[in-house]
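Everything on this sheet refers to the single structure shown next.
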Amino acid sequence: MLAIVQRFHSIISPLSCIFSDPAPVPVPELPRKPPPLPDLPLEIWLEIFQFATYVHQNVTIKPLDPFTPKRTTTNAMGANTPALAMRTKLVLVLVSKAWRSVALQMLYEHITIRSPARANSILQVLEQSRRPQPTSGTVETPGPGYGQWTRHIEVFTFARGAGSINYLQVIFKILRLCPKLRILSGKWIHPLPIEFLHAVSGVLSPSLSELYWNEMKEHGDLNTTTTPSFLGSFNALRVLDLRHFVGTDPLTWTEISTRPVLPLVRDLILSTHPRSLEVATMLSLPSLRNLTLRTPSWDSFKSETLLNLFLKAHGTSLLAIDLPTPAADAEPDPDNAIARRTATHINPDVFLAPDLCPNLESFTFPITSPSLAPHIHPNLRRIGLRGANSDSLYPDKPSSVKGLLMAIDIEKYPKLELIQTVGFLPEAHGDSVIKDVFIWWAERFETMGVTFVDGEGVMWAYYAEPVPEEKQKPPPSESLVKAPSEKALLGLKDKEHKRHKPEDVVTQSPPSTPKL
Numbered sequence: 001m002l003a004i005v006q007r008f009h010s011i012i013s014p015l016s017c018i019f020s021d022p023a024p025v026p027v028p029e030l031p032r033k034p035p036p037l038p039d040l041p042l043e044i045w046l047e048i049f050q051f052a053t054y055v056h057q058n059v060t061i062k063p064l065d066p067f068t069p070k071r072t073t074t075n076a077m078g079a080n081t082p083a084l085a086m087r088t089k090l091v092l093v094l095v096s097k098a099w100r101s102v103a104l105q106m107l108y109e110h111i112t113i114r115s116p117a118r119a120n121s122i123l124q125v126l127e128q129s130r131r132p133q134p135t136s137g138t139v140e141t142p143g144p145g146y147g148q149w150t151r152h153i154e155v156f157t158f159a160r161g162a163g164s165i166n167y168l169q170v171i172f173k174i175l176r177l178c179p180k181l182r183i184l185s186g187k188w189i190h191p192l193p194i195e196f197l198h199a200v201s202g203v204l205s206p207s208l209s210e211l212y213w214n215e216m217k218e219h220g221d222l223n224t225t226t227t228p229s230f231l232g233s234f235n236a237l238r239v240l241d242l243r244h245f246v247g248t249d250p251l252t253w254t255e256i257s258t259r260p261v262l263p264l265v266r267d268l269i270l271s272t273h274p275r276s277l278e279v280a281t282m283l284s285l286p287s288l289r290n291l292t293l294r295t296p297s298w299d300s301f302k303s304e305t306l307l308n309l310f311l312k313a314h315g316t317s318l319l320a321i322d323l324p325t326p327a328a329d330a331e332p333d334p335d336n337a338i339a340r341r342t343a344t345h346i347n348p349d350v351f352l353a354p355d356l357c358p359n360l361e362s363f364t365f366p367i368t369s370p371s372l373a374p375h376i377h378p379n380l381r382r383i384g385l386r387g388a389n390s391d392s393l394y395p396d397k398p399s400s401v402k403g404l405l406m407a408i409d410i411e412k413y414p415k416l417e418l419i420q421t422v423g424f425l426p427e428a429h430g431d432s433v434i435k436d437v438f439i440w441w442a443e444r445f446e447t448m449g450v451t452f453v454d455g456e457g458v459m460w461a462y463y464a465e466p467v468p469e470e471k472q473k474p475p476p477s478e479s480l481v482k483a484p485s486e487k488a489l490l491g492l493k494d495k496e497h498k499r500h501k502p503e504d505v506v507t508q509s510p511p512s513t514p515k516l
């Protein structure tokens, strides 16, 4: 009835407004805006930011453990670099006040001083950040400033004016404004005054835990003003990098009555440069456990003599030795460089000789090193091989790698547990047969009770699909095979492979073994 009345009203009053109708027009309800999601705590944001900007050499000068599993890269942007990490930090502090309070400490965690102008700018920022804070009294004391977050300072002296005393004074002021500094990396190409060395030692000796001191110069006088006593003043050191240490004339070190003692140093990085080996032999390192020895150059007579003296002084305390591939310091990937095949290598037998390193447990060296002598080492547990490639791993092709792997025997190393190809990933390799080759070596060492894994820490094995009980047949007799030919290996490429972690691997025979 109401609809008829409304229709009649519209006929007699065609110009009436719809708002004069007695019945209100229903207005649809708009959907309610959902409440905002709760924000993450700042502590979680800090973890995310640190993961996104992590660069190993910015956090520590300690070399990465060669047995650390290396994953296949799946990130299109690639690994972080110091420049990319810094750009990310600069963007994070501009997002919001909350993010700025979290990311600001990351921005000043690692400071690089490359020139006098940059040093003055850093000093000005650190001083201005120390805003006075009111206390209970009338006197206002300055706050800690941004320097409280600094953990690593890296100093370069290649720029113009970097050899002036004013530049060193600014560096010293910056060091004083960073009370929680833990890592100092210095690359000095100009002579340093004795007063500057004493000042740095006095400020940082109680707290510094990692030190890299580079005094190498391409030209000019070889000797510098740094002495072993200067190194011995840093009692809290745990990581010491002396690859490019020069110091004073070693003949003057005989005037030192007692050997400088560094009681907490566990990781030592050296080179085959004579001064590096000489100063390391001079120091007393009772807690030394890990040695990384780089080979930019190798004098088979002089360097080997100095290395033997070093091992006689510190070899009994060493548990792990890493010999990176011989290459220049600027080589980005020495394991894959062409020059590594022609460079002079340290003979691994130097470290496996009786009575030099009796407690050695982990040993990593390049596959291009000289073949191993039949020395017996009773405590060696892990062997890492650097620079492996698919061609050198084929068991039917003569190569130095094949001879080296064949020479590894549990009779010489009765406690051997693991052999790892450092940095080599069959999963990322284009050779379709390399997995079968890896399985062949894994099965060979499995008979000795030794695990053979790739750079990812994965042990490869054949995967046999489960067979119903009614169709199961007695297993064929197993036979020990010698190195299969490439043709036989090619016949295995259609079989399924399975990746095992060493702790989860189950010993099983392949479904069918090629007979030659």
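First residue of the sequence shown? That's 1 in the UniProt record's numbering, and the numbers climb one at a time after it.
The beta-carbon is built from N, C-alpha and C at its ideal position, and this holds for glycine as well.
ask   = Where does the unbroken alpha helix (DSSP H) through residue 116 begin, and where does it stop?
value = The sequence position of residue 116 within the sequence shown is 116, counting from 1. Per DSSP, residue 116 belongs to the alpha helix (DSSP H) from 116-128.
ask   = Using 8 Å as the Cβ pair cut-off and three pairs as the minimum, do the stretch 86-95 and the stretch 117-126 touch?
value = no
ask   = residue 435: which of 447, 463, 448 and 409 sits nearest, CA to CA?
value = The residue labelled residue 435 in the question sits at position 435 within the sequence shown. If we check each option's Cα against that of residue 435, 463 comes out closest.
ask   = DSSP state of residue 132, grouped into three classes?
value = Locating residue 132 in the sequence shown gives position 132, counting from the first residue. In the structure shown, residue 132 sits in a strand (DSSP, three-state: E or B).
inquiry  = For residue 483 and residue 60, I'd like the C-alpha separation in whole angstroms.
reply    = As a working mapping, residue 483 is identified with position 483 in the sequence shown. As a working mapping, residue 60 is identified with position 60 in the sequence shown. Because the pLDDT of residue 483 is 42, which lies under 50, any placement of that residue in the model is unreliable, and the number read from its coordinates should be weighed accordingly. If I take the Cα positions, the gap works out to 44 Å.
task = Counting only runs of 4+ residues fully inside the stretch 191-224, write out the alpha helix (DSSP H) ranges in chain order.
result = 194-204
request  = Could you check the C-alpha separation between residue 210 and residue 291 for me, to the nearest Å?
outcome  = Your numbering for residue 210 matches position 210 in the sequence shown. Your numbering for residue 291 matches position 291 in the sequence shown. Computed Cα separation, rounded: 15 Å.
query = CA-CA distance, residue 178 and residue 432?
reply = The count along the sequence shown starts at 1 and reaches residue 178 at position 178. The count along the sequence shown starts at 1 and reaches residue 432 at position 432. Spanning the two alpha carbons is a distance of roughly 54 Å.
request  = With a threshold of 16 other CB atoms inside 10 Å of the CB of residue 411, please say whether the residue is buried or exposed.
outcome  = In the sequence shown, residue 411 corresponds to position 411, counting from 1. So residue 411 ends up on the exposed side.
ask   = What does a CB cutoff of less than 6 Å around residue 392 pick up in its chain, not counting 5 residues either side in sequence?
value = Position 392 of the sequence shown, counted from the start, is the residue given in the question as residue 392. Exclusion of the five residues before and after residue 392 leaves 399 and 401 as the residues of its chain whose Cβ lies within less than 6 Å of its Cβ.
Sub-8 Å separation of residue 423 and residue 69 beta-carbons = Counted from its first residue, the sequence shown places residue 423 at position 423. Counted from its first residue, the sequence shown places residue 69 at position 69. Not a contact, by the Cβ cut-off of 8 Å.
key: Whole beta strand (DSSP E) elements within the stretch 281-311, 3-residue minimum   = Entirely contained in the stretch 281-311, the beta strand (DSSP E) runs reaching 3 residues are, in chain order, 290-294.
inquiry  = Assuming residue 366 is part of the beta strand (DSSP E), what are its boundary residues?
reply    = The residue you call residue 366 lines up with position 366 of the sequence shown. From DSSP, the beta strand (DSSP E) with residue 366 extends over 362-366.
ask   = In chain order, what residues of the same chain have a beta carbon less than 7 Å from the beta carbon of residue 36, not counting five sequence neighbours either side?
value = Counting from 1 along the sequence shown, the entry for residue 36 is found at position 36. Excluding its 5 nearest sequence neighbours in each direction, residue 36 has no C-beta neighbour in its own chain below 7 Å.
task = With a threshold of 16 other CB atoms inside 10 Å of the CB of residue 430, please say whether the residue is buried or exposed.
result = The residue given as residue 430 occupies position 430 in the sequence shown. When all chains shown are included, residue 430 counts as exposed.
ask   = When the Cα of residue 254 is compared with those of 236, 278 and 199, which residue comes out closest?
value = For this step, residue 254 is matched to residue 254 along the sequence shown. Checking every option, the nearest Cα to that of residue 254 belongs to 278.
request  = From the DSSP output, in three-state form, read off residue 426 for me.
outcome  = The residue given as residue 426 occupies position 426 in the sequence shown. In the structure shown, residue 426 sits in a helix (DSSP, three-state: H, G or I).
request  = Decide if residue 128 is buried, meaning its Cβ has at least 16 other Cβ atoms within 10 Å, or exposed.
outcome  = As a first step, residue 128 must be located in the sequence shown, where it is residue number 128. Classification for residue 128: exposed.
request  = Kindly list the residues whose CB is nearer than 8 Å to the CB of residue 170, restricted to its own chain and excluding five residues on each side of it in sequence; keep chain order.
outcome  = Indexing the sequence shown from 1 puts residue 170 at position 170. Correct list, in chain order: 116, 119, 120 and 123.
request  = Would you decide whether residue 314 is buried or exposed? Buried here means 16 or more other CB atoms lie within 10 Å of its CB.
outcome  = Here residue 314 is taken as the residue at index 314 of the sequence shown, counted from 1. Residue 314 sits buried, since 16 or more C-beta atoms from the chains shown fall within 10 Å of its C-beta.
query = Can you list, in chain order, the residues of its chain whose CB lies under 7 Å from that of residue 229, leaving out five sequence neighbours each side?
reply = The sequence position of residue 229 within the sequence shown is 229, counting from 1. Cβ neighbours of residue 229 beyond the five flanking positions: 256 and 260.
ask   = What alpha helix (DSSP H) runs, 4 residues minimum, are completely inside the stretch 372-445?
value = 390-393 and 400-407
request  = Report the three-state DSSP secondary structure of residue 93 (helix, strand or coil).
outcome  = As a working note, residue 93 is residue 93 in the sequence shown. Looking at residue 93 - three-state DSSP - the assignment turns out to be coil, as it is neither helix nor strand.
request  = Below 8 Å on the Cβ atoms is my guess for residue 454 versus residue 425; work out the distance and round it to an integer in Å.
outcome  = For the purposes of this step, residue 454 is taken as residue 454 along the sequence shown, with counting starting at 1. For the purposes of this step, residue 425 is taken as residue 425 along the sequence shown, with counting starting at 1. The pair is a contact, with the Cβ atoms about 6 Å apart (cut-off 8 Å).
inquiry  = Assuming contact is defined by CB atoms lying nearer than 8 Å, are residue 266 and residue 233 in contact in what I supplied?
reply    = By one-based count along the sequence shown, residue 266 stands at place 266. By one-based count along the sequence shown, residue 233 stands at place 233. Going by C-beta atoms, residue 266 is not nearer than 8 Å to residue 233.
message = Tell me the rounded alpha-carbon separation between residue 359 and residue 143.
response = Reading the sequence shown from its first residue, position 359 is the one you call residue 359. Reading the sequence shown from its first residue, position 143 is the one you call residue 143. The straight-line gap from Cα to Cα measures roughly 49 Å.
inquiry  = As a quick exercise: from 383, 327 and 326, pick the residue whose alpha carbon is nearest that of residue 351.
reply    = Here residue 351 is taken as the residue at index 351 of the sequence shown, counted from 1. The option with the nearest alpha carbon to residue 351 is 383.
query = Which of helix, strand or coil does DSSP assign to residue 254?
reply = Within the sequence shown, the letter at position 254 stands for residue 254. Helix at residue 254.
query = When DSSP builds the beta bridges, which residues end up paired with residue 184?
reply = Taking the sequence shown and counting its residues from 1, the one referred to as residue 184 is at position 184. Its beta-bridge partners are 153 and 211.
query = Do residue 386 and residue 408 have their C-beta atoms within less than 8 Å of each other?
reply = Within the sequence shown, numbered from 1, the residue matching residue 386 stands at position 386. Within the sequence shown, numbered from 1, the residue matching residue 408 stands at position 408. Not closer than 8 Å, so no.
ask   = Are residue 270 and residue 285 close, meaning C-beta to C-beta below 8 Å?
value = To locate residue 270, count along the sequence shown from 1; it is residue 270. To locate residue 285, count along the sequence shown from 1; it is residue 285. Not in contact: residue 270 and residue 285 (Cβ atoms no closer than 8 Å).
ask   = Got a sec, what are the start and stop residues for the alpha helix (DSSP H) residue 56 sits in?
value = Position 56 of the sequence shown, counted from the start, is the residue given in the question as residue 56. Note, residue 56: alpha helix (DSSP H), 56-59.
query = Is DSSP giving residue 267 helix, strand or coil here?
reply = As a first step, residue 267 is located in the sequence shown; it is residue number 267 there, counting from the start. DSSP places residue 267 in strand when its eight states are reduced to three.
query = Buried or exposed: where does residue 147 fall if 16 or more other Cβ atoms within 10 Å of its Cβ makes it buried?
reply = Translated into the one-based positions of the sequence shown, residue 147 becomes position 147. The residue is buried, with at least 16 neighbouring Cβ atoms inside 10 Å.
query = Can you give the Cα-Cα distance for residue 486 and residue 419, rounded to whole angstroms?
reply = Position 486 of the sequence shown holds residue 486. Position 419 of the sequence shown holds residue 419. Confidence in residue 486 is poor, its pLDDT being 42 and thus under 50, which makes the residue's placement unreliable; the coordinate value appears in the next sentence. Using only the alpha carbons, I get a separation of about 23 Å.
message = Am I right that residue 246 and residue 275 are in contact with their C-beta atoms under 8 Å? What's the rounded C-beta distance?
response = Here residue 246 corresponds to residue number 246 of the sequence shown, with the count starting at 1. Here residue 275 corresponds to residue number 275 of the sequence shown, with the count starting at 1. Indeed, because the Cβ distance is near 5 Å, the residues count as touching under 8 Å.
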